[in-house]
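Student: With my numbering, the residue at position 212 of the sequence shown is 247, and numbering never jumps. Okay, handing you the structure first.
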Amino acid sequence: MTFPFQNIRLFLSLAFLLPLFVFTSCDRDEEDEEENLLTAWEERAAFPGAARSSAVVFTINGDAYVGTGHTGTTRLNDFWRYDAENNTWTRLEDFPGTARSGAIGFAANGKGYIGTGYDGTGNLKDFWEYDPATNSWKQLADFPGSARYGAVAMSINNVGYVGGGYEGSYLKDFWQFDPATDTWVEKASFSGARRVNGFSFVANGKGYVGGGRNNGIYEADLLEYNPATNQWRTLKNLDNIAREGETYPSPRAYATAFVLNDKAYLVGGNTGTGSPLQDMWEYTPATDSFRKLGNFKGGARESAVGFSLGDFGYIGLGNIGNYRLGDLWRFNPALATAD
């Protein structure tokens with residue numbers, strides 16, 4: 036004879052066991068993703084200059100160019116080229132402007148550009164052009180906005196864009212530089228918050244700006260700029276109201292981004308807790324969605340440089356508190372997807 040309480044006991048036992056199987060499966064999926072992410076990163080030749088944070092980077096014809104920055108005690112003006120094919124660094128003609136950190140850098144029409152920043156005593160607005168064919172610099176007319184540091188910069192269709200930053204107050208203005216005519220034009224300001232030390236990237240012919248800090252607030256907005264219409268579109272905020280049921284990165288400043296195959300990758304930064312972040316996220320602009328990939332193999336950091344060359348992304352330099360970094364890591368997205 037079967038007693039009812041025996042069936043109840045069996046049901047309760049299975050009910051308690053089922054979550055254990057579910058959690059074990061989820062944990063294993065997370066472990067697989069983390070293992071694949073570790074495999075996807077490979078350490079490359081260390082940066083031979085002084086370890087630093089808040090440097091500039093841009094890419095031209097398959098090479099990356101890195102310069103300026105801050106060692107924690109000294110601001111810098113040295114300038115280097117990274118040859119990804121041979122995994123080598125070459126020191127180039129020093130940046131002739133004042134040594135600085137928090138500057139902007141971008142490439143457009145085959146040349147590189149550096150401007151703005153902070154030299155330890157004041158904000159800057161000078162603007163310089165680098166020609167890789169002659170390894171030479173030329174000073175151009177000053178950036179027409181206010182002197183600032185911590186702005187975002189990007190290049191879309193061989194035209195440069197600079198916006199936001201800090202001048203003594205937080206900024207949201209946005210400017211376009213056309214290297215063909217050596218002219219600046221003010222464009223539509225950010226549709227979201229003012230900010231310093233936000234992140235930016237370009238995907239599918241549009242610019243994206245997010246994160247950063249504004250009067251102690253770590254901004255959660257994410258913005259898309261369409262250069263064809265000079266309009267900003269506000270995407271879903273990085274919060275549990277706009278992205279209910281989704282995974283997404285916490286609002287942060289000093290994060291680093293690069294783009295591969297129409298997807299953006301966001302690494303590290305700081306949320307104001309005092310410790311930098313190590314997490315890595317993949318963003319798909321077409322669906323305005325994020326996927327957490329795990330932790331960056333190079334370790335937690337903020338104020339790093341990020342760039343992409345060919346089929347690979349790169350993260351290097353930066354700081355953990357007062358400790359500056361000089362490493363460089365290469366990311367292969369083909370190895371970052373869990374089975």
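We treat Cβ as the ideally placed atom computed from N, Cα and C, and that holds for glycine.
#1: If distances are taken between C-alpha atoms only, which option among Phe347, Arg278, Asp274, Gly140 comes closest to Glu78?
#2: I need the DSSP call for Leu206, collapsed to helix, strand or coil.
#3: Within 10 angstroms of the Cβ of Asn121, are there 16 or more other Cβ atoms? Answer buried if so, exposed if not.
#4: Give me, in chain order, the residues of the same chain whose beta-carbon lies closer than 6 Å to that of Ser236; leave out the 5 immediate sequence neighbours on both sides.
#5: Roughly how many angstroms lie between the CA atoms of Ala119 and Ala290, to the nearest whole one?
#6: For Ala371, count neighbouring Cβ atoms within 10 angstroms of its own Cβ and tell me buried if that reaches 16, exposed if not.
#7: Distance, Cα to Cα, Pro368 vs Met315?
#8: Using the C-alpha atoms, what's the distance from Asp362 back to Ala88?
#9: What residues are listed by DSSP as bridge partners for Gly245?
#10: If you count every other CB in all the chains shown that lies within 10 Å of the CB of Arg135, and 16 or more means buried, which is it?
#11: Compute the Euclidean distance between the alpha carbons of Tyr117 and Thr218, then round it to the nearest angstrom.
#12: Expressed to the nearest angstrom, what Euclidean distance is found between the alpha-carbon atoms of Arg110 and Lys332?
#13: Identify whether Thr125 lies in helix, strand or coil by the three-state DSSP scheme.
#14: Drop a sphere of 10 angstroms on the beta-carbon of Tyr358, count the other beta-carbons inside from all chains shown, and report buried for 16 or more, exposed for fewer.
#15: Quick one: what's Thr269 bridged to in DSSP?
Tutor: Reading off the structure:
#1: Your numbering for residue 78 matches position 43 in the sequence shown. Closest by alpha carbon: Phe347.
#2: To locate residue 206, count along the sequence shown from 1; it is residue 171. Leu206 sits in a strand when the DSSP states are folded into three classes.
#3: Residue mapping note: residue 121 aligns to position 86 of the sequence shown, counting from 1. Residue burial annotation: Asn121 is exposed, with fewer than 16 other C-beta atoms found within 10 angstroms of its C-beta.
#4: For the purposes of this step, residue 236 is identified with residue 201 of the sequence shown, where counting begins at 1. The sequence given here has Phe at residue 236, not Ser. Within its own chain, the residues whose Cβ lies closer than 6 Å to the Cβ of Phe236, once the five positions on either side in sequence are excluded, are Tyr243, Ala292, Val294, Ala299, listed in chain order.
#5: As a position in the sequence shown, residue 119 is number 84, starting the count at 1. As a position in the sequence shown, residue 290 is number 255, starting the count at 1. Going by the C-alpha atoms only, they are around 23 Å apart.
#6: As a first step, residue 371 is located in the sequence shown; it is residue number 336 there, counting from the start. With 16 or more Cβ atoms within 10 Å of its Cβ, Ala371 is classed as buried.
#7: Counting from one through the sequence shown, the residue named residue 368 turns up at place 333. Counting from one through the sequence shown, the residue named residue 315 turns up at place 280. For the pair Pro368 and Met315, the Cα-to-Cα distance works out to about 12 Å.
#8: Within the sequence shown, residue 88 is the residue found at index 53, counting from 1. Within the sequence shown, residue 362 is the residue found at index 327, counting from 1. The displayed chain sequence assigns Ser, not Ala, to residue 88. Going from the Cα of Ser88 to the Cα of Asp362 covers about 11 Å.
#9: Taking the first residue of the sequence shown as position 1, residue 245 is located at position 210. Beta-bridge pairing links Gly245 to Phe234, Leu257.
#10: Counting from 1 along the sequence shown, the entry for residue 135 is found at position 100. Arg135 is buried by the Cβ-count criterion.
#11: Position 82 of the sequence shown, counting from 1, holds the residue named residue 117. Position 183 of the sequence shown, counting from 1, holds the residue named residue 218. Between Tyr117 and Thr218, the C-alpha separation is close to 29 Å.
#12: Reading the sequence shown from its first residue, position 75 is the one you call residue 110. Reading the sequence shown from its first residue, position 297 is the one you call residue 332. Between the C-alpha atoms of Arg110 and Lys332 there is a straight-line separation of about 28 Å.
#13: Position 90 of the sequence shown, counting from 1, holds the residue named residue 125. In this structure, DSSP gives Thr125 an extended state, which the three-state scheme calls strand.
#14: Working through the sequence shown from its first residue, we reach residue 358 at position 323. By the Cβ-count criterion, Tyr358 is exposed, with fewer than 16 other Cβ atoms from all chains shown falling within 10 Å of its own Cβ.
#15: Locating residue 269 in the sequence shown gives position 234, where the first residue counts as 1. DSSP lists Leu258 as partners of Thr269.
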